[in-house]
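Taken in order, these protein sequences are the chains called A, B, C and D. According to this note's numbering, the first sequence is numbered sequentially starting from 233. According to this note's numbering, the second sequence is numbered sequentially starting from 233. According to this note's numbering, the third sequence is numbered sequentially starting from 233. According to this note's numbering, the fourth sequence is numbered sequentially starting from 233.
There are 4 protein chains.
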Amino acid sequence: MAERKPVAVVAGAGPGNGAALARRFAQAGYAIALLSRSGATHAALERELTGARGYDCDVGSGESVARAFAAVRADLGEVSVLLYNAGPGVFADVESITPEQFEASWRVNAYGALLCSRQVIPAMKTAGQGSIVFIGATASRRGGPRSAAFAPAKAAQRSLAESMARSLWPAGIHVCLIVVDGVVDLPRTRQGMPGKPDNFFIKPAAVAQIAFELTRQDPSGWSFEVEARPFGETW
Amino acid sequence: MAERKPVAVVAGAGPGNGAALARRFAQAGYAIALLSRSGATHAALERELTGARGYDCDVGSGESVARAFAAVRADLGEVSVLLYNAGPGVFADVESITPEQFEASWRVNAYGALLCSRQVIPAMKTAGQGSIVFIGATASRRGGPRSAAFAPAKAAQRSLAESMARSLWPAGIHVCLIVVDGVVDLPRTRQGMPGKPDNFFIKPAAVAQIAFELTRQDPSGWSFEVEARPFGETW
Amino acid sequence: MAERKPVAVVAGAGPGNGAALARRFAQAGYAIALLSRSGATHAALERELTGARGYDCDVGSGESVARAFAAVRADLGEVSVLLYNAGPGVFADVESITPEQFEASWRVNAYGALLCSRQVIPAMKTAGQGSIVFIGATASRRGGPRSAAFAPAKAAQRSLAESMARSLWPAGIHVCLIVVDGVVDLPRTRQGMPGKPDNFFIKPAAVAQIAFELTRQDPSGWSFEVEARPFGETW
Amino acid sequence: MAERKPVAVVAGAGPGNGAALARRFAQAGYAIALLSRSGATHAALERELTGARGYDCDVGSGESVARAFAAVRADLGEVSVLLYNAGPGVFADVESITPEQFEASWRVNAYGALLCSRQVIPAMKTAGQGSIVFIGATASRRGGPRSAAFAPAKAAQRSLAESMARSLWPAGIHVCLIVVDGVVDLPRTRQGMPGKPDNFFIKPAAVAQIAFELTRQDPSGWSFEVEARPFGETW
């Protein structure tokens, strides 16, 4: 009987970073579980990637997360790598956002990160290894005037990641964070910023490669926080 | 007719920093509105401080916050200073906390900070002045292994404060944050850490004095983030 | 016989922050020692402030520093407050600066800070109290493209201040840093940036007031790093 | 005629990180120039690694640096990768260090970093590519009580690196920093800390691998600062 592939979960499997992460880890031999709210985005990746499988999941709901991970475990086995990419942003200042937007942003970026992490930690502890990679943003580090909802959500995620790293690294679980500091190259972002040169954008494949290398690091020299920033960006 | 006193709201008016803030601003001539979940903590301060008045308020509930601030405005007038001190902590690692604790911590420290701020911003903008002071903690800056619920909540609060500072300072509203980096001197904390010397603890009056000075700074040189750390502390 | 005034040293006693620091501490009853490279800047302040006295000093030279502090001690007594304000900046990128500029910037901002601190620490330790306040800049925290000489010098100063705070606070010596994050209001800077509104600039008196309040903090809640940033500034 | 190998310079080619960097880049096909103060450390690596060549160099001396790089260029060609690993530390507090130690630490860690960088920038700019990797330490970020000489030197280096990154990335030169946050595994450090388990130490090969991957990153997603920290370390 064939050995089972190691399992990587991409939570937030939309186009861009989500799809690139799925591709990079599939290429390295992982079975990929794609978690997202709408099945539509799964279909294309399921067709493209051998061994990729989509699961409907609202990462902000404990019940939905529990159901999705139970299915992943039943279908593919225990999770070796969790790639937490969920987290769309609203961009407005404190007077313009609604409390509902503030909460929704936190629920997907931080609360869902906790829920999904708790699904994979026990088996990783038993195995004495595993990787949990959070996809952060500039807002993980700084609250800008127009990120009154997004930045607090990303800061909470970063702080959770740091707390987890400090308690889980000694158990062999590599918790880490990629700070995507720039605009990801997507048809949508290209359209929204016409005239920007190619080198303004971050290629999702570059983010995925950084994530992959993080999961390959020697435990005697792990990184917690790593930026992905386009070389032409002003920072 | 006598001129009305300027109004300071202490959200989270428990013993310790809350009471000390109330005392410091009362002494400087402010009418004090004490917001807390249970009326019990108000009574003593109302008796002690002339012009202090308690309001029952669950800062995590939009409805409760709206009702409390409407009462404050009717009783005392528009708010000049918001001192956001709400935010008890749970101390446990990512495997021990419950998602409910994670959410409750965020709701009081971050969501409530947004709700209360939104109640006072419009009048402050009209007046072209006002102060919003958040009482943070070591966890505002760092996620420790045992602050998996508290640190993300405090990090979200800090990030919100920074976003607000960047959008509201130009309107004359001084948004700032005190990082209380140590253990506050309370009967409860003294009991929990027997044998610690006096100089291990932060006196609430010292925190209150820093808050007061922040509200008196010249706008040409405002501070955003200020620590309060006992001189004998190892950091 | 009259009691001696406490002594404050202003190292880098030029116009702007240096003069404002001298004025603020003189007003509070300190005898002021003005240290700067050229006696010319002293003369006016000596005339203006009762009990202020100028000393020629190249802060980057161990011999010159030793001589100046020996004179201060002989004339005024042991130093209670050291206000380290020396540190002009060169603004150019890594390809444009010379190694000589890189070294000169470090020598005044960091090496001189060490030399002057070492002159005052022993008496402060004996007294069990004292304050050492460093005047930093935006560059203390960040290396900008055009601060290839200035930022490394200011970063070294900040790091030294932090190391000193950690070893000297427990001895009662309050080492701290003011991050002046903006352009100080001076005839020279006004001329160099014509058309800027008043609220663009930081008033030296505001920086001096922050420094003064730092020296008055209750040791149970000391601050290490405090910004002075104009409210209208974009950051 | 054979194509020339790309050239990597290891400045600070002692045992530990220096040797590991040399090995990793030699394995990837680089000609390696080993710079260190004493030829003794070169000899073994020259024998071990094909195409490695040692150069006596005092990185704190402009003349010595100019001579060494002129020889490298003549022998091996223009430099593609500069790995700046020089920088021994002295560990003592502000009262125990001497000003000479403070200066010597800065001269090797910061001033030498500038001198060596200026030797390689022009050709990298012409080529539109190149990598400059600084090997930092915990002290790059924090001034501890006993790093009064080392931390300011490392902070200056980090700040210089950040300034360089901001001005040179757009020219295609990837300036970055590895924060080695722990104790490097060496016979000397093992002896100095007897009884520490294997997982306490950082393997030099892990640091070298991170450095190598940094030089391979896609320019659309470059990292500036990356930690190397043992998984069992408390941080």
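Note that beta-carbon positions come from the ideal geometry of N, C-alpha and C, so glycine has one too.
Look up G319(A) in the DSSP assignment and give the residues it is bridged to.
Taking the first sequence and counting its residues from 1, one reaches residue 319(A) at position 87. DSSP lists no partner for G319(A).
So, I434(A) versus V458(A), is the Cβ gap smaller than 7 Å?
The residue labelled residue 434(A) in the question sits at position 202 within the first sequence. The residue labelled residue 458(A) in the question sits at position 226 within the first sequence. Taking 7 Å as the Cβ cut-off, I434(A) and V458(A) do not qualify as a contacting pair.
DSSP state of R285(B), grouped into three classes?
The residue given as residue 285(B) occupies position 53 in the second sequence. Residue state, collapsed to three classes: strand.
Using C-beta distances below 8 Å, list every residue in its chain close to A275(C), excluding the 5 sequence neighbours before and after it, in chain order.
Residue 275(C) sits at position 43 when you count from the first residue of the third sequence. The residues are G286.
Tell me whether G427(C) is buried or exposed, calling it buried when 16 or more other Cβ atoms sit within 10 Å of its Cβ.
Position 195 of the third sequence, counted from the first residue, corresponds to residue 427(C). Label assigned to G427(C): exposed.
For a contact meaning CB atoms closer than 8 Å, what does A460(D) contact in chain F?
Looking for chain F here will not work: the only protein chains present are A, B, C and D.
Helix, strand or coil: which one does DSSP assign to F334(B)?
Reading the second sequence from its first residue, position 102 is the one you call residue 334(B). Helix, per DSSP.
Short of 7 Å in beta carbon distance, which residues of its chain neighbour A260(B), apart from the five on each side in sequence? Order them along the chain.
Walking along the second sequence from the start, residue 260(B) turns up at place 28. So the qualifying residues of the chain are F444.
Which bits of chain C does S391(D) rub up against, with CB to CB less than 7 Å?
Reading the fourth sequence from its first residue, position 159 is the one you call residue 391(D). Chain C residues near S391(D): G375, A383, P384 and A387.
Which whole-angstrom value describes the C-beta separation of V365(D) and I410(D), a residue pair presumed to lie in contact below a C-beta threshold of 8 Å?
As a working mapping, residue 365(D) is identified with position 133 in the fourth sequence. As a working mapping, residue 410(D) is identified with position 178 in the fourth sequence. Indeed, because the Cβ distance is near 7 Å, the residues count as touching under 8 Å.
Determine the direct distance from the alpha carbon of G344(A) to that of E332(B), and round the result to whole angstroms.
Counted from its first residue, the second sequence places residue 332(B) at position 100. Counted from its first residue, the first sequence places residue 344(A) at position 112. About 12 Å.
Would you verify that the beta carbon of M396(C) is, or is not, closer than 7 Å to some beta carbon of chain D?
Within the third sequence, the letter at position 164 stands for residue 396(C). Interface residue, yes.
I'd like to know whether the C-beta atoms of G368(D) and I405(D) end up nearer to each other than 7 Å.
Here the question's residue 368(D) lines up with position 136 in the fourth sequence. Here the question's residue 405(D) lines up with position 173 in the fourth sequence. Cβ distance not < 7 Å, so G368(D) and I405(D) don't count as in contact.
Would you decide whether S268(D) is buried or exposed? Buried here means 16 or more other CB atoms lie within 10 Å of its CB.
Taking the first residue of the fourth sequence as position 1, residue 268(D) is located at position 36. Burial call: buried.
Just to check my reading of the structure: E310(D) and A355(D) have Cβ atoms closer than 8 Å, yes? What is that Cβ distance to the nearest angstrom?
On the fourth sequence, position 78 is the one that residue 310(D) refers to. On the fourth sequence, position 123 is the one that residue 355(D) refers to. So it is a contact: roughly 4 Å between Cβ atoms.
Just to make sure I have the definition right: I need the residues of chain B whose C-beta is within less than 8 Å of the C-beta of G427(C). Which are they?
Within the third sequence, residue 427(C) is the residue found at index 195, counting from 1. Neighbours of G427(C) on chain B: none; closest Cβ ~18 Å, over 8 Å.
If I386(D) sits next to A397(D), beta carbons under 8 Å apart, how far is it from one beta carbon to the other, in whole angstroms?
For the purposes of this step, residue 386(D) is identified with residue 154 of the fourth sequence, where counting begins at 1. For the purposes of this step, residue 397(D) is identified with residue 165 of the fourth sequence, where counting begins at 1. It should be noted that the sequence gives Lys, not Ile, for residue 386(D). No, K386(D) and A397(D) are not in contact; Cβ-Cβ is about 16 Å, not under 8 Å.
Give the DSSP-derived three-state secondary structure of V365(C) in the structure shown.
Residue mapping note: residue 365(C) aligns to position 133 of the third sequence, counting from 1. Looking at V365(C) - three-state DSSP - the assignment turns out to be strand.
I need the DSSP call for A245(D), collapsed to helix, strand or coil.
By one-based count along the fourth sequence, residue 245(D) stands at place 13. Coil, per DSSP.
For V326(C), go through chain D and note every residue whose CB falls closer than 8 Å to its CB, in chain order.
Indexing the third sequence from 1 puts residue 326(C) at position 94. Correct list: L346, S349, R350, I353, L392, S395, M396, S399 and L400.
Beta-carbon separation of P462(B) and G414(B) under 7 Å?
For the purposes of this step, residue 462(B) is identified with residue 230 of the second sequence, where counting begins at 1. For the purposes of this step, residue 414(B) is identified with residue 182 of the second sequence, where counting begins at 1. In this structure, G414(B) lies closer than 7 Å to P462(B) by Cβ.
Residues in the same chain with beta-carbon distance under 7 Å from A284(A), minus the five sequence neighbours each way, listed in chain order, please.
For this step, residue 284(A) is matched to residue 52 along the first sequence. Correct list, in chain order: A254, A258, I264, L266, L277 and E278.
Between P451(B), K237(B) and W467(B), which lies nearest to R374(D) when the distance is taken from Cα to Cα?
For the purposes of this step, residue 374(D) is taken as residue 142 along the fourth sequence, with counting starting at 1. With distances taken between Cα atoms, R374(D) lies closest to W467(B).
Can you pull out the residues from the region 431-446 of chain A whose beta carbon lies closer than 8 Å to at least one beta carbon of chain D?
Flagged, chain order: N431, F433, I434, K435, A437, A438, V439, Q441, I442 and E445.
Taking only beta-carbon positions, decide if R331(D) is within less than 7 Å of chain C.
In the fourth sequence, the residue the question calls residue 331(D) occupies position 99. The residue asked about is misnamed: residue 331(D) is Pro in this sequence, not Arg. Answer yes: the Cβ-Cβ gap between P331(D) and chain C drops below 7 Å somewhere.
Suppose you measure from the CA of P377(C) to the CA of R390(D); what does that come to, to the nearest Å?
Reading the third sequence from its first residue, position 145 is the one you call residue 377(C). Reading the fourth sequence from its first residue, position 158 is the one you call residue 390(D). C-alpha separation (whole angstroms): 13 Å.
Could you check whether the Cβ of V290(C) sits closer than 7 Å to any Cβ belonging to chain B?
Taking the third sequence and counting its residues from 1, the one referred to as residue 290(C) is at position 58. Here residue 290(C) turns out to be Asp, not Val, going by the sequence shown. Not an interface residue.
Where does A380(D) sit, in a helix, a strand or coil, going by DSSP?
As a first step, residue 380(D) must be located in the fourth sequence, where it is residue number 148. Three-state DSSP puts A380(D) in coil, outside helix and strand.
Which residues in the same chain have their Cβ closer than 7 Å to the Cβ of R339(A), if we skip the five residues on either side of it in sequence?
Position 107 of the first sequence holds residue 339(A). Answer for R339(A): G292, listed in chain order.
Specify, as a first and last residue, the run of the alpha helix (DSSP H) that V458(B) falls within.
The residue you call residue 458(B) lines up with position 226 of the second sequence. Where V458(B) is concerned, there is no enclosing alpha helix (DSSP H), although the beta strand (DSSP E) it sits in stretches over E457 to A460.
Express the C-alpha separation of S455(C) and V412(B) in angstroms, rounding to a whole number.
Counted from its first residue, the second sequence places residue 412(B) at position 180. Counted from its first residue, the third sequence places residue 455(C) at position 223. So the alpha carbons of these two residues sit roughly 10 Å apart.
Distance check for C348(C) and F382(C), CA to CA, integer angstroms please.
For the purposes of this step, residue 382(C) is taken as the residue at position 150 of the third sequence. For the purposes of this step, residue 348(C) is taken as the residue at position 116 of the third sequence. If I take the Cα positions, the gap works out to 20 Å.
Could you tell me which chain D residues have their CB closer than 8 Å to the CB of D450(A), listed as they occur along the chain?
Sequence index remark: in the first sequence, residue 450(A) carries index 218 (1-based). Near D450(A) (Cβ distances below 8 Å), the residues of chain D are K435, A437, A438 and Q441.
Pull up the CB-CB distance for G346(A) and F334(B), whole angstroms please, since I reckon it's below 8 Å.
Residue numbering aside, residue 346(A) sits at position 114 when the first sequence is read from its first letter. Residue numbering aside, residue 334(B) sits at position 102 when the second sequence is read from its first letter. Strictly speaking, residue 346(A) in this sequence is Leu, with Gly absent from that position. Confirmed, about 5 Å.
Should A252(D) and A440(D) be called a contact, given that it needs their Cβ atoms to be closer than 7 Å?
On the fourth sequence, residue 252(D) is found 20 positions in, with the first residue counted as 1. On the fourth sequence, residue 440(D) is found 208 positions in, with the first residue counted as 1. The answer is yes: Cβ separation under 7 Å.
Give a yes or no on whether the minimum CB-CB distance between A403(A) and chain B is below 7 Å.
Within the first sequence, numbered from 1, the residue matching residue 403(A) stands at position 171. Not an interface residue.
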